[in-house]
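Some notes on the structure that comes next.
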Amino acid sequence: MLHSNAIIFYYLVFDSIKNSSISSVQHFSLIFAIALVLYTVYLYMIRPRNLHDHFYTFIILLCFGYVLTPVIRTLTDTISTDTIYAMSFILFLTSFIFHDYAMVAPLVSTILSVNLSLAASVCLVSRVSSNESAFGLLALSMLLFSYWPQMRNVLYRKWSKSALFLVIFSSPLLFIALHQLSHSLSVLYVLVLTFVLLMCPSILMIMQPWKSTKHGPWDEAIATFER
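Structure (structure tokens):
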């Protein structure tokens, strides 16, 4: 749910910018606050030996992002808005499949999931009117879909209950924000939250007694030694 919460938060910020609900100053203040908290906590947890490299990478990304923002913003100008929204939805939805949920699985691909999320962000960036807002959205997408999953996994390895705490903290805030935007979306969010957090684990527990492990010639041979 934390990945979906990040996507919903990004959509809410995008909608606020597009409808001029928040100013550029408020937008950049929000991004700066999120970046400061995430980056400080991340550096504290990993405790890197060379902070200079981290800040150098951050400055490089910042400069390149700002310089390329006008190009990225006009990249999909010729595509209709409905198509852009559909593309962003499909890309975000696909990123769920390959997202790193701090577990070992064949489908997990952090790089692919991040690229899909950033591609969806690029699609939405083309619908804002100013380069400053576009740059802010790009910076926010980097924070939410690149740095945040890494920090979340490190936090989860240090404290296993951190995921539950973050869901409890973020979900009510997103519900309030969605409720102000649309009552239907807030109800849908609660239904999805209930299904993922309550119904899915219950179904798994109910089906657990039916689990059956089949053995046959395909099993690995185990060497045994008789004394």
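Here this note's numbering is used: the first residue of the sequence shown is 1, the next is one more, and so on.
Glycine included, every Cβ here is placed at the ideal spot set by N, Cα and C.
The alpha-carbon of His3 is positioned some 14 Å away from that of Ser109. Asp100 is the residue among Asp100, Ser133, Glu132 and Ser129 whose C-alpha sits nearest the C-alpha of Ser117. Using a Cβ distance threshold of 8 Å, Ser170 and Asn5 count as a contacting pair. For Asp82, the enclosing alpha helix (DSSP H) has its first and last residue at Thr81 to Phe98. Per DSSP, the continuous alpha helix (DSSP H) segment holding Asp15 begins and ends at Leu2 to Lys18.
The distance from the Cβ of Met1 to that of Leu61 is about 28 Å, inconsistent with a contact at the 8 Å cut-off. Listed in chain order, the non-local C-beta contacts of Ala119 below 7 Å within the same chain comprise Leu91, local neighbours out to five positions each way being set aside. Val128 sits away from Ile72, with the two beta carbons spaced by 8 Å or more. Under a 10 Å Cβ-count criterion, Cys200 is classified as exposed, with fewer than 16 other Cβ atoms of the shown protein chains found around its own Cβ.
Counting C-beta atoms within 10 angstroms of its own C-beta, Ala139 has 16 or more neighbours from the protein chains shown and is therefore classed as buried.
DSSP places Asp77 outside both helix and strand once states are collapsed to three, so it counts as coil. Note on Pro70: under 16 other CB atoms within 10 angstroms of its CB, so exposed under the neighbour-count rule.
One thing to note: Leu174 has its Cβ no nearer than 8 Å to the Cβ of Ile31. In the structure shown, Arg152 adopts helical secondary structure according to DSSP, grouped into three states.
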